[in-house]
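Okay, structure first, notes after.
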Amino acid sequence: MASPASSLGRIGVLLVNLGTPDSPQTSDVRRYLNEFLTDGRVIDIPAAVRYPLFQGIVVPLRAPKSAKVYQQLWTERGSPLLYHGLDLKRLVQEQLGEQYVVAFGMRYQKPSIESALEELRDAAVDRIIVLPLFPQYAAASTGSVQQKVMEIVSKWWVVPSISFISTFTNDPGFINTIATLGKEEMAKHKYDHIVFSYHGIPERHVLKGSYKGYCQLGSCCDTYNEKNRYCYRAQCYETSRLVAKELGISKDQYTVSFQSRLGRDPWLQPYTDFVLKDFPAKGIQNVLAFSPAFVADCLETTVEVGFEFKEMFEAAGGSHWQLVPSLNSHPLWVQAVTDMVRNN
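Start counting at 1 in the sequence shown, then tack on 35, and there's your number in our numbering.
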C-alpha cells in the first residue's frame, strides 16, 4: 500500500523564520531593519508616513546601536537564527525522507522566502506545506509570512496546493521540548519563580484581530477556545499553562510577561523589564526564564533575556537569573516539526 505522501506526490515543506542581517556591520543591519520596519504588518501605519519616518529617521538612528548588539550575538558560524534554521531544515529532511523536499527561508533578507519557494518549484513538488516558525500566531509575524508567500505564488502560472500551519501554540511536541529543556535547568539549581517572557506586540494588534469584540485584554485569556485561538495574548497564556503543567508548577509560581516593545503606544503587559525589577522586593531571588515565542537563539533571547534582563535583575537585588536555551535543533524539536508536517 502506498504511503499518504507517495500517493500525493512529493510534498514541499517551507520552514520560515523572521530574518537576520548578513553581518553585524551597521550597513547590513540597516538594510535588514529597513525591510523589517517598513512591513505594513509590523508597523501598521500608512505607508506615506511609515517609509519616510522609519527609513529617514528611525532606522538610521537605530542601526548603529543594533549593530553593536548583533556583534554580541554573532558566532563563528554567523547568525544563530540562520544556522539553527539551516540545521533544522537538514535534520527534518532526514526524518521525512525522499517523499518530501524541505526548504528554509527568512521573511526579511536572506535566504529569502522567494528563493526557498523557487527551490520547491524546481523540485516539482505536488503541494507545499508552509510552517512559519512562530509558535503563537501574530499578524506581524505568521501573518506577514503568509501574505508574502501568497504574493509570490500569485505570480506563478501554475500554483500548487498550499497549506499553512498557522499556530502550534499547544502542539504536544513543542510543549514537551520546552518542558524538557526547563527540567534540565531545574535539576541544576533551585528556583523561586519562573518567567515566561514573550515578544510583545501593540495592544491594537490584538484588538484589531479580536473575534466579534471578544478580546478585552484580560480574563478572556484564562481559557483557550474557538473565539480566541488566533489571539496572540491568549496563545501565550495557553503555552505557559501547558508548559507549567509539564513542569509541575502552580499558577502562583510563574509569571507571563512581554518584552521588546517599540514606540510609545501601549503594548501587551506586564512588561518583563518592569516585572523582574519587583521580584527581589517580593523575596524572589532565583528566577528561571523561558522565551516560548522563539524557537531559535536570537537577539531577543540570548542578548535581551539572557544578558540584559539578568543585569537588571541583579541590579535590583536578585541573586540568580537563568535563561532556558531555545529549541534550536534539539532532537525532540526536530521530531515535533516532523510530526506537525506529517499530521498536516
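All C-beta atoms in this analysis are idealised placements derived from N, C-alpha and C, irrespective of residue type, glycine included. These numbers come from a predicted model, not from an experiment.
Grab the span of the alpha helix (DSSP H) containing residue 268 for me, first residue to last.
Along the sequence shown, read from residue 1 onward, the residue named residue 268 stands at position 233. For residue 268, the enclosing alpha helix (DSSP H) has its first and last residue at 267-282.
Residue 80, DSSP secondary structure in three states
Numbered from its first residue, the sequence shown carries residue 80 at position 45. Coil, per DSSP.
Can you look up residue 386 in the DSSP assignment and give me helix, strand or coil?
Residue 386 is absent from the model: the chain starts at 36 and stops at 379.
Classify residue 162 as helix, strand or coil using the three-state DSSP reduction.
Numbered from its first residue, the sequence shown carries residue 162 at position 127. Note: residue 162 maps to strand in three-state DSSP.
Buried versus exposed, by CB contacts within 10 Å (16 or more), residue 91
Within the sequence shown, the letter at position 56 stands for residue 91. In summary, residue 91 is exposed, with fewer than 16 beta-carbon neighbours lying within 10 Å of its beta-carbon over all protein chains present.
Give every residue of the same chain whose Cβ lies closer than 6 Å to the Cβ of residue 178, excluding the five residues on either side of it in the sequence, and list them in chain order.
Residue mapping note: residue 178 aligns to position 143 of the sequence shown, counting from 1. Residues 76 of the same chain have their beta carbon placed closer than 6 Å to that of residue 178, with the five preceding and five following residues left out of the count.
Would you mind reading off the limits of the alpha helix (DSSP H) that contains residue 118?
Here the question's residue 118 lines up with position 83 in the sequence shown. 115-131 is the span of the alpha helix (DSSP H), which, as asked, contains residue 118.
Would the beta-carbon of residue 382 fall within 8 Å of that of residue 166?
Since the first residue of the chain shown is 36 and the last is 379, residue 382 is not available in this structure.
Quick check on residue 377: does DSSP put it in helix, strand or coil?
Here residue 377 corresponds to residue number 342 of the sequence shown, with the count starting at 1. In the three-state reduction of the DSSP assignment, residue 377 falls in the helix class.
With three or more C-beta pairs closer than 8 Å as the rule, is the segment 98-113 touching the segment 58-72?
Here the segment 58-72 makes contact with the segment 98-113; the two share three or more CB pairs at distances below 8 Å.
Note down the Cα distance separating residue 40 from residue 132, rounded to an integer number of angstroms.
Stepping through the sequence shown from its first residue, residue 40 is reached at position 5. Stepping through the sequence shown from its first residue, residue 132 is reached at position 97. No answer about residue 40 holds up, because its pLDDT of 49 lies below 50 and its placement is not dependable.
With a 10 Å radius around its C-beta and 16 neighbouring C-beta atoms as the bar for buried, classify residue 385 as buried or exposed.
There is simply no residue 385 to check, as the chain begins at 36 and stops at 379 in what is shown.
Below 8 Å on the Cβ atoms is my guess for residue 66 versus residue 135; work out the distance and round it to an integer in Å.
Position 31 of the sequence shown holds residue 66. Position 100 of the sequence shown holds residue 135. Going by Cβ atoms, the distance from residue 66 to residue 135 rounds to 33 Å, so no, they are not a contact pair.
For residue 301, which residues of its own chain have a beta-carbon under 6 Å away from its beta-carbon, when the five flanking residues on both sides are left out?
Working through the sequence shown from its first residue, we reach residue 301 at position 266. Hits under 6 Å: 238.
Counterpart residues of residue 185 in DSSP-defined beta bridges
Here residue 185 is taken as the residue at index 150 of the sequence shown, counted from 1. Looking at the DSSP assignment, residue 185 forms no beta bridge with any residue, so it has no partner.
Using only CA atoms, which one of 94, 53 and 269 lies nearest to residue 303?
The residue you call residue 303 lines up with position 268 of the sequence shown. Measuring C-alpha to C-alpha distances from residue 303 to each of 94, 53 and 269 identifies 269 as the nearest.
Counting only the same chain and skipping the five closest in sequence on each side, list residues whose C-beta sits under 6 Å from that of residue 374.
Residue numbering aside, residue 374 sits at position 339 when the sequence shown is read from its first letter. Answer for residue 374: 208, listed in chain order.
DSSP three-state label for residue 85, please.
Indexing the sequence shown from 1 puts residue 85 at position 50. DSSP places residue 85 within a helical segment (H, G or I) once states are collapsed to three.
Which word fits residue 123, buried or exposed, when buried means at least 16 other C-beta atoms lie within 10 angstroms of its C-beta?
Position 88 of the sequence shown, counted from the first residue, corresponds to residue 123. Around the beta-carbon of residue 123, 16 or more other beta-carbon atoms lie within 10 Å, marking it buried.
Assuming residue 211 is part of the alpha helix (DSSP H), what are its boundary residues?
Walking along the sequence shown from the start, residue 211 turns up at place 176. Where residue 211 is concerned, the enclosing alpha helix (DSSP H) stretches over 207-221.
Can you name the start and end residues of the beta strand (DSSP E) that residue 6 belongs to?
Coverage of the chain is limited to positions 36 through 379, which leaves residue 6 absent and any answer about it impossible.
How far does the beta strand (DSSP E) with residue 231 in it extend, from its first residue to its last?
Taking the first residue of the sequence shown as position 1, residue 231 is located at position 196. For residue 231, the enclosing beta strand (DSSP E) begins and ends at 228-234.
What are the partner residues of residue 319, as DSSP defines its beta bridges?
Mapped onto the sequence shown, residue 319 falls at position 284. Partner(s): none; residue 319 has no beta bridge.
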